[in-house]
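To start, the structure itself, in structure tokens.
Numbering (our numbering), first residue to last: 3 to 133.
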């Protein structure tokens, strides 16, 4: 069974940790963006700490204008700090019949799942309707 989406509660917080699969040539900035985030988290990986897990915390807006569950995308953008261009590397995936990932994937250490840099997120409505 493949990855379908991430499920988060409207107005809630979620944290996860990322590390790079190989040493970058210099400091790399990761920016996480999405339509309903309260702010865009930014972390910097360096050649010295690229293999250490870096915490990412996202907080979803309380959206009173949308009723019911709704979709958003959580985008992960990497760039070298001394360059305006994006940065990622590709490596040989550990899945049979896959030759390479461009522009890269998020790799889950606990499940060995390869996740897209642009994650689909189902936001669960938490507003209580009053009669």
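Note that beta-carbon positions come from the ideal geometry of N, C-alpha and C, so glycine has one too.
Distance, Cα to Cα, residue i vs residue j?
i           : j          : result
residue 120 : residue 33 : 12 angstroms
residue 27  : residue 68 : 43 angstroms
residue 54  : residue 72 : 34 angstroms
residue 123 : residue 18 : 14 angstroms
residue 52  : residue 40 : 26 angstroms
Would you give the residue range spanned by the beta strand (DSSP E) that residue i belongs to?
i           : result
residue 9   : 8-11
residue 33  : 30-35
residue 16  : 15-20
residue 120 : 120-126
residue 25  : Note, residue 25: premise wrong, no beta strand (DSSP E); not H, not E.
Have a look at the DSSP bridge pairing and note the partners of residue i.
i          : result
residue 68 : DSSP, once it has assigned bridges, lists no residue as partnering residue 68.
Can you tell me whether residue i is buried or exposed? The criterion is at least 16 other CB atoms within 10 Å of its CB, across all chains shown.
i          : result
residue 59 : exposed
residue 38 : buried
Just checking my contact of residue i with residue j at CB under 8 angstroms: how many whole Å lie between their CB atoms?
i          : j          : result
residue 50 : residue 13 : The Cβ separation is near 37 angstroms, so there is no contact.
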